[in-house]
Each structure stands twice: as C-alpha cells, then as structure tokens.
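Keeping their order, the protein sequence lines are chains A and B. Residue numbers for the first sequence follow my numbering, beginning at 1 and rising by one. Residue numbers for the second sequence follow my numbering, beginning at 1001 and rising by one. Ideal Cβ positions, reconstructed from N, Cα and C, are used throughout, including at glycine. Values in this document were obtained by computation on a predicted structure and should not be read as measured data. In what follows, a structure is listed as structure tokens, so that the remarks can point back to it.
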Amino acid sequence: MFFSTQGITKRFGGLAAVEDVSVSVEKGTITAIIGPNGAGKSTFFNLISGIHPLSSGKILFKDRDITKMPPQQIARLGIGRTFQTTNLFEQSTVLDNVLIGHRLRTKSGIWDAIFRTKREKEEEKKSYQTALDALEFVEMMHVVEHPVSLITQEEKKRLAFALALATDPELVLLDEPAAGVNPDETDGLAYLMRKMADHGITVCLIEHKMPMIMSLADQIVVLNHGKKIAEGRPDEIRQNEAVIQAYLGGEAHAPVKQY
Amino acid sequence: MLNVLSKRVLIGIIAVAAVLFPLVFPNMYVLQLLTLVFIWSIAVYGFNIISGYVGYLSLAHAGFFAIGAYGLGLLTTKAGMSYWLSLLLAVLITSIAGALVGVIALRTKSHFFAIYTMCVGVIVYLLIDKWDSLTGGVRGLIGIPAPSNIGPITFDTLTSQYYLALFFLILTVFLCYRIVHSLLGRTFIAIRNSEELAKTIGISIMKNQLLAFTLSALFAGLSGALYASFIRFIGPQISAITVTFEMLMYLLVGGIGTLAGPLVGTLIVISLTQSLQFLEEYRMLIFGPVVVLLVLYYPRGITGSINGYVQRKKQQRVKIANEEHEVKRKVGEAG
C-alpha cells in the first residue's frame, strides 16, 4: 500500500477532532476528503503532515511508519501540502516563493554561503531549475518575477501548488485548493490536479465543491464529527444514505453541530 | 542588471570614502565617533540576523556584547594572553554562550522568546556586576591593552584603530551579504515569513534558528571585544538592558531586515545623540517622539522605506505592463 492511516485519532482535551479514521490511498490516484464544516478534515491533514502529534493510530507511507516523525522529515520523505488559507511568502516574488520549496533537497550550509562554494552554486542553480519547472507545470511562467501581493487569488492557488511541487513530493495534500475562485478557474485547477496524478503524484484534497469532486476524484472519503462515515467511488458516495443525510442535501442548511 | 551595478558602485563609493576619510578630515573627535559607530554597527548586524531575518526579537544582545568585551578584557589583563588570541577566544566564547542560550531560548516563541532572552541579558548583567573577584564588579575592568602589532602594523593611534574597526565592519557586512543572499539566508527569511509553511516544505526550524542565534552572538561578541580594546575600560553598564534597546533603536531607525539598515541606523542615531549632547537629559524629549513617529509611519526604517519605494515603482511598471498586455489581448480578440 502506498499510503494509509490506521485508526488515527486526535483528541483536543475531551473533544475528538479525528476519531479512528483509516484510509488507504493508491499511488497516482486522486482522493477527496469531504465533510461538513468542523468534520475534522484539516486536522486529518495536520496529523498526516506531522503538525499535530497523534493521540493514537498509525500512519504508513511507502511501507514506512511516519507516525512520530516531525513535519520537516515527513516533507523530506515526499509528502507536500498546501494550506486552506493561501499560505505564501507575501513579500517575495513568485519565483522566490517557489525557490525555497526545493531547500529540503539541498545541503548547503553556512560555509557554503560564506565562501560561495561550488555546491552552493550548483544547488542554487538546481533550485532555480526545479522552481521554474514547477511554475511551468502550473502555467505561471508569465508572472515569475511578480511580487505575490500583485497576483490574483487563482494564481496564488496555483503558486501554492508549485511550492508544494518544488519539494519533489510523491503525495500532495491540498487543503481546499479551489476555495474562493470562480467556476472557470476551478476547472483550471481541477485540470492541474489531474495533471499531477497523471505525472504519478498522488493527490489528496479537501474540497467543498461537489461537481468538481464528483468528476475529479477516484476515491472519496467522507468525514463527519471526526469519524469516517463512508468511502468509495464518486457514484457510490452519491448513493450513500449516511452521506446524503450528513452532507449532500439531507438537510436544507449545512448541518449544525448538535450537542 | 543596472540596479545591481549601481548598487555595487554605491557600495564601492561608500567604502572608498570611509577609507579616505581620516586622510581628508583628520578630526580626532569625528574619527573617535566613527570608530564607535563601526564597532556598534557590528553588534547591530548580529542583532539583525536573528531579529531581522529570522524574526525572533532577542533581547540578550547587550549580554553577548558584554561577554565578548569581558572575555577579551579578562583574557588579556588577568590571563595575560596575547591580544589576537584573546580576541579569537572572546568571539568563540560568546558564540558558545549564544549556542547554549539558544538551545533553551528557541523553544519559546514570539514575545516569550523576547522575555526569556531579556532575562538572560539581566542575568549576564548581574553576573558581571556581582562577581567582584573575577570581573571587578562595579569598579569595572581597567587597563585593557590596545590591539598588539601585526608585523609592522601598529594600533596605537586613533587612525589605525579606525581602520581596524572599519576592517571588521567590512568583513561583517561581507559575511552578512553572503549569508543573506544564499540558500541559508532564504531559509532564514522563509522562517520569518511563516514558520508553519517553512516546516511543511521540509525546513528544520530549530537547526536554522540556532545557527542564526549563534551567528548573532558571534557578531555581538566581536563587537564587544573591539569595544573593550578601543575604550580600554569596561564596566557592568555595557550589559545593561538599555544597551540592548539602544541597539534595537539603531536597527529600527536604519531598517530591520535590510542589509544597510544596521550601519545607516547606528550612524544616524549616534550622530544625532552626539549633536544633541548640549540638551543633556532633555534630548530624550526630542528622541522619544522621533522614534515613535518613525516606527508608526516608517516601520521598516530608513533603508526599508527606500527599498519599499523602489519596489513599488517596479510593481507599478509591472501593473502597467500587465494592463497593456490585457488591452492588446482584448483588441486582438475583437479583431
């Protein structure tokens, strides 16, 4: 199995934000995590990328147990991610943003910096190349030198993809990649995710835009109140009673947490 | 490209001016002042690495400055070591002290980090003040030798001391330039911009912060050691928390997180303080409001504001180019 979580649980005090969730992901597929607000989707991502330690359970990536690893080590193993609120280095240019993404694959330290060694120069060159490749992949070559504060919301989303790609990931976790962009742009982003999967990068995304999910995902996992209530292909999820009840239209409004 | 070129030319002109200055204006008072500016600037450059580029406000800086100064003072006067060996050891001791403090201090974040490091600064002050038998306590340490000869070069005149301080300042600026413009420097800035994001792109926060903190202590130690051998007398006051805040003021006025900021700020504030000397204590009445206004309206300091202006100009050009591109596209579509 390429990637799997085995009964992972996260408690914040008495509240279980994620409870006993087991998910398996095949290489090169697109998995969507859906669920109402507060279902624990972002926490689920934070657990995988090592930002929060688990309360219990196990996470396996390429047959390695990554449960207790710190975020930087998980990133080095090949799990990249983007954040829900577009988290970028606002003051820098587009290229500078992506450039630092490759830092984890470089080794230059203080001596390389001071003496501007061959290694520093080579790694700098390689970082530039990787960054440009990533920007080309997300079709942003026309704004390479722009400061991030000047590009559009959709371009910021693409840039976040590029930054994650610059880390040379095998699995990317995208937290609401299409939030706050219009339908046309959503199609563009969906196309990019498909393109990633076609290049062998496994994609996991959290998303609220159902039409996009239904046409894009190979597998859908539904969370509600921190628990997995369903998983399967889009057509299976569409028929699933529990999901309809919780999310897809069982109620006129987004469900309010009941106490 | 033109920008880089003109920047290099500007730096060259400033460096040549600094070298020629004592020959053109052999004014002892001004030379003394400039030498002090150079020495303090070195410490402020160190301050800038951890507080400007990594974004952690370290208030132990005067403490490290004092460790460097007392390190040199004690090694030369009490241990009788040669000046240059003492200088090297003083810088080394300060760096090690910095690394040790950093290991613990960097477990805290933002204002907790500031408070913790401030406590470290106070502890250094108390140690120097109370450890009479070693440091001479409030009486201070006197008779610190001037730098000893290197072959035919002597350091017994003010002019030669000026050049010595200038040499170390240029070395410091060069090192900072190299660090800031390297992958390492980019890593520091990434941590400042967003620690959370830096972590998820595989950057080891602690390791890089510790390196930056140690470097900042190193420059503080170098500056302190040079100060001790320039003034030839040191007291516990050099480690007082007010000294840290003075350095912070130099940094804020000059521009935090910029390469020229430390030198610009130190030069301007020290010159101002000196020229307002006749007002005695009342000069703070002028100084306070000026700093408050500066922080309110130019939070990035003098250099930061100039850089910002240049960048805005550039952005405007980009915007106009974009709009033109858009118009052309529309015209093309319509045609």
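When C-alpha distances from F1219(B) are compared across E1246(B), F1230(B), T1172(B), the shortest belongs to T1172(B).
Shortest Cα-Cα distance from G1308(B) to any of T1258(B), A1114(B), S1148(B), T1117(B) involves T1258(B). Your pair I201(A) and V221(A) does not check out as a contact, with CB atoms roughly 19 angstroms apart and the cut at 8 angstroms. In this model, Q72(A) and L60(A) are separated by some 16 angstroms (Cα to Cα).
I1096(B) has a beta carbon lying at 9 angstroms or more from every beta carbon in chain A.
Residues of the region 117–149 of chain A with a C-beta atom less than 9 angstroms from some C-beta of chain B are E120, E123, E124, S127, H142, V143, E145, H146, P147, S149, listed in chain order.
When Cβ pairs closer than 8 angstroms are counted between the two stretches, the region 1241–1252 of chain B is seen not to touch the region 1074–1081 of chain B, the count staying below three. Annotation: the continuous alpha helix (DSSP H) that includes L1169(B) extends over 1158–1180.
Among the residues facing chain A, S1182(B) is included, as its CB has a counterpart in that chain under 9 angstroms away.
V143(A) is the residue among S24(A), V143(A), P36(A) whose C-alpha sits nearest the C-alpha of K1319(B). DSSP links D175(A) through a beta bridge to I206(A).
Closer than 9 angstroms at the C-beta level to chain B, one finds these residues of the region 40–60 of chain A: S49, G50, I51. Residues of the region 1285–1316 of chain B whose Cβ lies closer than 9 angstroms to any Cβ of chain A, in chain order: Q1311, K1314, Q1315.
At a Cβ-Cβ threshold of 9 angstroms, A17(A) and R81(A) do not count as neighbours. DSSP, read as helix, strand or coil, puts D20(A) in strand.
Out of I8(A), I237(A), F137(A), the CA that lies nearest to the CA of G188(A) is found in F137(A).
In the pairwise beta carbon analysis, the region 1270–1279 of chain B is classified as not touching the region 1102–1110 of chain B: fewer than three pairs are separated by under 8 angstroms. Nearest in C-alpha terms to A242(A), of all of T93(A), N224(A), H146(A), R233(A), is N224(A). Taking the Cα positions, D218(A) is about 6 angstroms away from T31(A). Between F2(A) and E19(A), the CB-CB gap reaches or exceeds 9 angstroms. Counting only runs that start and end inside the region 1282–1319 of chain B, the alpha helix (DSSP H) elements of at least 4 residues fall at 1283–1297.
Any Cβ of chain B closer than 9 angstroms to the Cβ of L88(A) would place that residue at the interface, and such an atom is present. In summary, the residues of the region 1184–1195 of chain B whose CB is separated from some CB of chain A by less than 8 angstroms are L1184, G1185, R1186, T1187, I1189, A1190, N1193, S1194, in the order they occur in the chain. Residue pairing for A32(A): DSSP places it in a beta bridge opposite L205(A), I220(A). Neighbours of K1199(B) in chain A, taken as residues whose beta carbon is under 9 angstroms from its own, are S49, G50, I51, P70, P71, Q72, A75 in chain order. In terms of Cβ geometry, T29(A) and V203(A) form a close pair [threshold 9 angstroms].
Between R1192(B) and G1055(B), the beta carbon gap of about 3 angstroms places them in contact (Cβ cut-off 8 angstroms). Counting along the chain, E231(A) sits inside the beta strand (DSSP E) bounded by residues 227–232. The beta carbon of D218(A) sits no closer than 9 angstroms to any beta carbon of chain B. Taking every protein chain shown into account, the CB of W1040(B) has 16 or more other CB atoms within 10 angstroms, so this residue is buried.
Close to R158(A), with beta-carbon spacing below 8 angstroms, lies no residue of chain B; the smallest spacing is near 16 angstroms. In the DSSP assignment, L60(A) falls within the beta strand (DSSP E) that extends over 56–61. Taken atom to atom, the span from the alpha-carbon of K1199(B) to that of R1139(B) is near 48 angstroms. With respect to the 9 angstroms criterion, V1253(B) and L1285(B) are not classified as neighbours on the basis of their beta carbons. Classified as buried, F89(A) has 16 or more neighbouring CB atoms from the shown chains inside 10 Å of its CB. The three-state secondary structure of R11(A), taken from DSSP, is strand.
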